[in-house]
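Participant: Using this note's numbering, you'd call the opening residue of the sequence shown number 3 and step up by one each time.
Every residue, glycine too, gets a C-beta built ideally from N, C-alpha and C.
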Amino acid sequence: MDALLLTQPPDLDKERRILLHGVSWSQYESLLDVLGDNFPTLRLSYLEGMLEIMTNSSEHEELKKMIGMLVEAYFQETRTRFHAGGSTTFRRAAKQRGLEPDECYCLGQKKEFPDLAIEVIITSGLINKLEIYRGLGVAEVWQWQAGQFLIYHLRSQGYELTKTSELLPDLDMALLAQYVKPEEQFDAVMAFRDAIRR
3 MDALLLTQPP DLDKERRILL HGVSWSQYES LLDVLGDNFP TLRLSYLEGM LEIMTNSSEH
63 EELKKMIGML VEAYFQETRT RFHAGGSTTF RRAAKQRGLE PDECYCLGQK KEFPDLAIEV
123 IITSGLINKL EIYRGLGVAE VWQWQAGQFL IYHLRSQGYE LTKTSELLPD LDMALLAQYV
183 KPEEQFDAVM AFRDAIRR
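Structure below.
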């Protein structure tokens, strides 16, 4: 890989993806070590020898941050104990899986892998992230796509699309979606807090 490619500033208005095949687990880990925290908008997803490298757009970053603020406001208002993991890299060598979620949370206390992962989908991915999350044992994955949440809960056979969150059954997902307004972050979070207090 040409190191000069990594020093070019990303175009923050576009998401770009590349899929590499035949990447070993040790190559994936080496790439994570080299990149470290120097490229915060770069996401690597690894699934059994396939590596997707993605650069996030500014729209993607604003949406993920907005959703994270709303979810954390819900946790605070309902006194739900949580540990936020942000975009931490999670990997499991035995399952040949690894990725960085957009946002993630452990309910109760910190655990090795999150209970809830949130993904913002603007452009279609080249790798099946749900399959990666399944291998990591993440109980629930929310995808924000086209102005709504798709909620997947882990079952023995894989993820099942559900209408509500099983981890947070009292959270009205349609109400949450109404306040995903990245251009009005402060006002949206405060209005959401007021709405869930009613």
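1. Once DSSP output is grouped into helix, strand and coil, what is the label at Q29?
2. Distance, Cα to Cα, Q187 vs F77?
3. Expressed to the nearest angstrom, what Euclidean distance is found between the alpha-carbon atoms of I20 and A141?
4. Tell me the DSSP bridge mates of G160?
5. Does the structure place the segment 160-175 close enough to the segment 94-104 that three or more beta carbon pairs sit under 8 Å?
6. Whose CA, out of F84, F194, K112, V182, lies closest to the CA of M68?
7. So for F115, helix, strand or coil by DSSP?
8. In terms of DSSP beta bridges, what is E54 paired with?
9. Cα separation between F84 and E50?
10. Go ahead and pull the three-state DSSP assignment for L173.
11. What do you get for P42, buried or exposed, if any count of 16 or more other CB atoms within 10 angstroms of its CB means buried?
12. Helix, strand or coil for K183 per DSSP?
13. With DSSP run on the structure shown, which of helix, strand or coil describes A75?
14. Looking at the unbroken alpha helix (DSSP H) that takes in L138, where does it start and where does it end?
Facilitator: Let me lay it out:
1. helix
2. 17 Å
3. Each residue's alpha carbon lies about 28 Å from the other.
4. In the DSSP assignment, G160 is bridged to R157.
5. no
6. V182
7. coil
8. L21, S47
9. Answer to the nearest angstrom: the Cα atoms are 31 Å apart.
10. coil
11. exposed
12. Assignment of K183 by DSSP, reduced to helix, strand and coil, places it in the coil class.
13. helix
14. Here the alpha helix (DSSP H) through L138 covers 131-138.
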